[in-house]
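First residue of the sequence shown: 71, per the numbering used here; consecutive thereafter. In what follows, a structure is listed as structure tokens, so that the remarks can point back to it.
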Amino acid sequence: MINYFNWINSPFLPEYGNVLWGCTTFVDDAIEEVIRNQGGIAAIAISHPHELYSYAKWAVMFNSPVVIHERDKDLIEFNSDFITTWSGEEFPLAPHITLIRLGGHYDGGAVLHWNNNQGVVQDGKGVLLCSDMLQVGIDGRTVSIMRSYNNCVPLSGVDARRIRQKLSGVHFDRMYASGNHRDLLVNAKRMTLSSLSKYAAAIERPREDVDGRGFLRIPSVLALQAAPSIAQAGESSRQAGESSHQVRSLAT
Numbered sequence: 071m072i073n074y075f076n077w078i079n080s081p082f083l084p085e086y087g088n089v090l091w092g093c094t095t096f097v098d099d100a101i102e103e104v105i106r107n108q109g110g111i112a113a114i115a116i117s118h119p120h121e122l123y124s125y126a127k128w129a130v131m132f133n134s135p136v137v138i139h140e141r142d143k144d145l146i147e148f149n150s151d152f153i154t155t156w157s158g159e160e161f162p163l164a165p166h167i168t169l170i171r172l173g174g175h176y177d178g179g180a181v182l183h184w185n186n187n188q189g190v191v192q193d194g195k196g197v198l199l200c201s202d203m204l205q206v207g208i209d210g211r212t213v214s215i216m217r218s219y220n221n222c223v224p225l226s227g228v229d230a231r232r233i234r235q236k237l238s239g240v241h242f243d244r245m246y247a248s249g250n251h252r253d254l255l256v257n258a259k260r261m262t263l264s265s266l267s268k269y270a271a272a273i274e275r276p277r278e279d280v281d282g283r284g285f286l287r288i289p290s291v292l293a294l295q296a297a298p299s300i301a302q303a304g305e306s307s308r309q310a311g312e313s314s315h316q317v318r319s320l321a322t
């Protein structure tokens, strides 16, 4: 099953042990009890070193290793015997669970692929846990990527195509993102690949399609078609303003 309490999305594997993917920064007795009743934690896998200190607390509490890609190890600002790194593009963490380096948001940023015929993936279609490496749009039908969310710095079209190519070989139908329960529960792979293609095309659009203010230029034929409607809307707004002024004049 996928277990939610706050921001936790984690595979629970009775034959191996539980893998913790993403966690809260605050750990209290209630959360600890829930996890211990589920069998504890065999390993903690993180997508990128964000709020890493909280993972160290979880590791000590459950005596579990924290797994992070080696490309992000220099961003870890404290030492812990529980932290271990992996290298390359994929890492088989547990039966049916593979960490896949996507990069982008962080150089070593990873997603977790869970492909099994038990629990939430009993349909055999696979699940992708992506943290901040991929974000589901507010419409629940699109996916996007970002270098820095806080500073609104996008990734390049090259990054989008590279990530798309990597995910094209991954078998998944559901995707769980971080925060706000923006998840794709069906056709996740199709929507992800389509979104990344559109992202690359949009961000690499030729400059002649963009005006000096950074807006897309409207083709002249569309502008001519829109002009009468715009003019009518402006006239209606002007007439409404005059009527409102007359009413105010009568009232005074």
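For each residue, glycine too, the CB sits at the ideal point set by N, CA and C.
Check, Outcome
"Tell me, to the nearest whole angstrom, how far the beta carbon of residue 202 is from that of residue 117; I am working on the premise that it is less than 8 Å.", "7 Å"
"Give, in chain order, every unbroken run of the beta strand (DSSP E) that is at least 3 residues long and sits entirely within the stretch 118-189.", "136-139, 153-156, 160-164, 167-171, 180-184"
"List the whole-angstrom C-beta distance separating residue 269 from residue 214, where the pair is believed to meet the contact cut-off of C-beta under 8 Å.", "6 Å"
"Is the beta carbon of residue 180 closer than 9 Å to that of residue 172?", "yes"
"Taking just the CA atoms, how far does residue 246 sit from residue 31?", "Since the first residue shown for the chain is 71 and the last is 322, residue 31 is missing from the structure and cannot be characterised."
"Where do the ends of the alpha helix (DSSP H) carrying residue 233 lie?", "227-237"
"Taking the alpha carbon of residue 175 as the reference point, which residue from 259, 208, 223 has its own alpha carbon closest?", "223"
"In whole angstroms, give me the CA-to-CA distance for residue 275 and residue 231.", "14 Å"
"Compare the Cα-Cα distances from residue 88 to each of 257, 167, 228 and report the closest residue.", "167"
"Near residue 267, which residues of its chain fall below 7 Å by C-beta distance, leaving aside the five closest residues on each side in sequence?", "234"
"Would you mind stating whether residue 244 and residue 207 have Cβ atoms separated by less than 9 Å?", "no"
"Between the Cα of residue 157 and the Cα atoms of 178, 238, 237, 151, which residue gives the shortest distance?", "178"
"Going by other Cβ atoms of all chains shown within 10 Å of its Cβ, with 16 needed for buried, is residue 259 buried or exposed?", "buried"
"Quick one: is residue 197 buried, meaning 16 or more other Cβ sit within 10 Å of its Cβ, or exposed?", "buried"
"Using a Cβ-Cβ cutoff of less than 6 Å, which residues in the same chain neighbour residue 162 once the five nearest sequence positions on both sides are dropped?", "168"
"Just curious, the beta strand (DSSP E) that residue 247 is in, first and last residue?", "244-247"
"Look at the alpha carbon of residue 212 and the alpha carbon of residue 104, and state the distance between them as a whole number of angstroms.", "33 Å"
"Could you check where the alpha helix (DSSP H) with residue 53 kicks off and where it finishes?", "In this structure the chain extends from 71 to 322, so residue 53 is not present and cannot be described."
"Per DSSP, which residues does residue 254 bridge with? Please list them.", "245"
"Could you tell me which residues DSSP pairs with residue 90 in its beta bridges?", "114"
"Assuming contact is defined by CB atoms lying nearer than 9 Å, are residue 200 and residue 225 in contact in what I supplied?", "no"
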